[in-house]
Each structure stands twice: as C-alpha cells, then as structure tokens.
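Per the UniProt record's numbering, the very first residue in the sequence shown carries number 1; after that it's consecutive.
Comments concern the structure below.
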Amino acid sequence: MDAFLVSTTDSEYLVTHALKNLKKKNIPVLTFDSDLLPKHQQYRLAYIGTNNFDFGIALGKLAKKYKTAEKQSICLQSGHQTTPNLNARLAGVRHALSGQSKKRLSGNSGWEEHPRCPLYTMGKRHASLEQVKRFSSLKNPPIFLAVAGFAQFNPEYIETMKAAKNKISDGGFVIISADTEQIQLDALKQGLSTVNLGQKPFEMGRKSAELMYNYLMQGVKPKLDKYYLDYHLCDQFNFETCTINY
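This is the structure in structure tokens:
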C-alpha cells in the first residue's frame, strides 16, 4: 500500500489499529469527510471536507425557522456515538440553539431535546428510516433534524414517507436533513423532506486524490492542515438548481 485515504468513524480505534503502524512505515494518510480527533491529527497529512461544527450551526439555524412553541421540542438523529464529524455537527446544532455545545438541550434556551433523543442509527439505513417513520406518526412530533442522511439514502424512503406527506406539507412534521444526494432531491420534489443542507462529496474525493498524488509523485505536502469545502441549501422550491450530483 502506497497511501491511505479514510473517513473516520472511530478515531481511537483507527489510530490504534492502523494509523500508528502506517506512520512507522511512512505511508501517508489523508482524511476526508470525517477527520481524526485533534489529539490524533499527527497521524494524517491533512483533512478535506466540511467544517462539521459550522455545518451543525447551519442546521441549527434552519431549525429556528420552524420553531412554533415557546419551548420547542427537537429530536437529533446521528450515526455512531464515536464518529467525529457527526459529533461535531451535534455540537454545532446545540450551540446554534442554546449557545453551548456540551450538553443536551434542556429547555432553558427555548429548545429541548425529546426524551428519546438523540437517536443513533449506527449508519444503518433501515433503522434510520424506521426512526423517522416512528416520529412522524406521533400526534405532536418534535422537529426532526438528521445530521447525516442515512434515512433518506434508503431507497424505500419516498414510498415509506408518503403516509406523512400531508403532515410535512402543513408543517405538522418538520424534517431537516444533512446531504443532498439525488434520492433526497427527489424527496424534496415530492414534498417528503422540509429542507436539506448539502455537502460536496465529489470534491472531497477529487481534492483528496489530487493532494495525495502531488505528495506521492512530486513530494509536495499539503499546504493546509484542513481544506474546508462549502455547503448549500436545497428545499422544495430550488431542488432542481441547488446542486449538481455527479
């Protein structure tokens, strides 16, 4: 192996079981999408992707537009409890809604997290969709904010959520999700998602490959420690023009 490009799920495990050994062998590592924890970043050359804390703040600001109660209930859905990028997004959402990022929203700021949340899906699309479906069926559901698009990546999402279409259209169920893949744009088109915040996965891959190629072939190290990419908003009105999926 000449090089390693990786998106981090568990920083501690990855470093202990792989990256320390790669460092000894002088095999270069780049992270994309999800970086190593700060204490582990010596084991990679650079990170390419979204500033995930800022991305979470942007998701939180979107949620503010749909606040209807003095003490608004919200449910946050994530993937795995150890995943650095998703944890940074959760922290960003909480910071946007309460000014702090360490604790669950308790209502002091006008926002409180549903007692059963945050939800962790382990990245499983079936479980993710079941969670969305379950909350959409509640009489007074909380705002549902997914910091990862697992539920909407499920090919059964559109058919499953048709039962909640009227509830979504009249604002009775608000679903805010990360990512804007084509299946998610189709969901917006059919009124089955409220708003989505998209990243640039194609550019993450392209830039990562470019930086690694330059290092391997020319000995040029990345000039930056972090290469942050921007993000974009897609909703039921601009889904045809808000992004390009390759």
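All residues carry an ideal CB built from backbone N, CA and C; glycine is no exception.
query	result
For Pro142 and His114, what's the separation of their Cα atoms in angstroms?	7 Å
Mind checking which residues open and close the alpha helix (DSSP H) that includes His95?	Pro84 to Ser98
Using the Cα positions of Arg206 and Met212, report the straight-line distance between them to the nearest angstrom.	10 Å
With DSSP as the reference, label Phe32 as helix, strand or coil.	strand
On the DSSP letters alone, give me the boundaries of the beta strand (DSSP E) that Ile176 sits inside.	Ile175 to Ala178
Cutting at 6 Å between CB atoms, please list the residues of its own chain near Asn52, excluding the five before and the five after it.	Asn85, Ala88 and Arg89
So what does DSSP say about Ser193, is it helix, strand or coil?	coil
Buried or exposed for Arg44, please, with buried defined as at least 16 other CB atoms from any protein chain shown within 10 angstroms of its CB.	buried
What three-state label does DSSP hand Phe144 in the structure shown?	strand
Just to check my reading of the structure: Phe155 and Ile183 have Cβ atoms closer than 8 Å, yes? What is that Cβ distance to the nearest angstrom?	Note that residue 155 is Pro in the sequence shown, not Phe. About 7 Å separates the two Cβ atoms, so the contact holds.
Taking only heavy atoms of the ligand ATP into account, decide whether any of them is closer than 7 Å to the Cβ of Phe135.	With respect to the ligand ATP, the structure shown offers nothing to examine, as it has no ligands at all.
Taking buried to mean at least 16 other C-beta atoms within 10 Å of its own C-beta, is Ser106 buried or exposed?	exposed
So for Phe4, helix, strand or coil by DSSP?	strand
Taking the straight line between their C-alpha atoms, what separation do you get for Gln41 and Asp35?	8 Å
Evaluate the contact criterion for the segment 208-223 versus the segment 73-85: three or more CB pairs, one atom per stretch, below 8 Å.	no
Between which two residues does the alpha helix (DSSP H) carrying Leu216 extend?	Pro201 to Gln218
Could you pull the start and end residues of the alpha helix (DSSP H) that residue 259 belongs to?	Any property of residue 259 remains undetermined from this structure, which presents the chain solely from 1 to 246.
So is Leu224 buried or exposed if we call it buried at 16+ other beta carbons inside 10 Å?	exposed
Helix, strand or coil for Ile168, going by three-state DSSP, please let me know.	helix
For Arg125, collect the residues of the same chain with a Cβ closer than 6 Å to its Cβ; drop the 5 residues on either side in sequence, then sort them by chain order.	Phe150, Phe153 and Asn154
Mapping the DSSP letters down to three states, classify Gln184 as helix, strand or coil.	helix
From what residue to what residue does the beta strand (DSSP E) around Asp58 run?	Looking at the sequence provided, one finds Ala at residue 58 rather than Asp. No beta strand (DSSP E) holds Ala58; the alpha helix (DSSP H) holding it covers Asn52 to Lys64.
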